[in-house]
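In the working numbering, the protein residues as written are 616 to 783.
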């Protein structure tokens, strides 16, 4: 959950004698998150696949990685939340059978970036028929936005706005 991020910031504030600043930062994040969850709260949950990398076997976020909590906060359900790991590989058939409605594409900003992931999905025999790929319903996020840290809160907003634009 996002509580791990909040706890880390509060601990750093204590270590560096900046507790009031840390508390202000955390309370601001909590308010931002509460605003997002209030806007998407009653909407139907969206099935989400986070595509990190991999063509033979896709690498994605499981139950214990921060994106699982981020997806939930944005009004979605990580279709691979049953993977009992932080990050791991799965198979294309499982993903396609769960028919994601929305994609989070990890943009490593390495030239092709998220576009090469999307282009791969559009020609993959199983994935090209999924709702998310057919509709190109996705958001691209940087690595720093999908690993524990301050960029997570803003990234949750990006996911929520892309997934549920009518709520904003």
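All C-beta atoms, glycine included, are put in the ideal place defined by N, C-alpha and C.
- The stretch 725 to 738 and the stretch 698 to 711 do not touch, with fewer than three beta-carbon pairs separated by less than 8 Å.
- In the DSSP annotation of this structure, residue 755 is not part of any alpha helix (DSSP H); the continuous beta strand (DSSP E) holding it starts and ends at 753 to 757.
- Within the DSSP bridge table, the entry for residue 668 names 674 as partners.
- Of the residues assessed, residue 676 falls on the buried side of the cut-off, its CB having 16 or more other CB atoms within 10 angstroms.
- Inter-residue distance for residue 771 and residue 689 is about 6 Å (C-alpha atoms, whole angstroms).
- Its chain contains 759, 760 as the residues whose beta carbon lies nearer than 6 Å to that of residue 766, once the 5 sequence neighbours on both sides are disregarded; these appear in chain order.
- Judged by DSSP in its simplified three-state form, residue 719 adopts strand.
- Residue 631 counts as exposed, since fewer than 16 other beta carbons sit within 10 angstroms of its beta carbon.
- For residue 628, the three-state secondary structure derived from DSSP is helix.
- A Cβ-Cβ contact shorter than 8 Å links residue 672 with residue 705.
- For residue 657, DSSP records no beta bridge to any residue.
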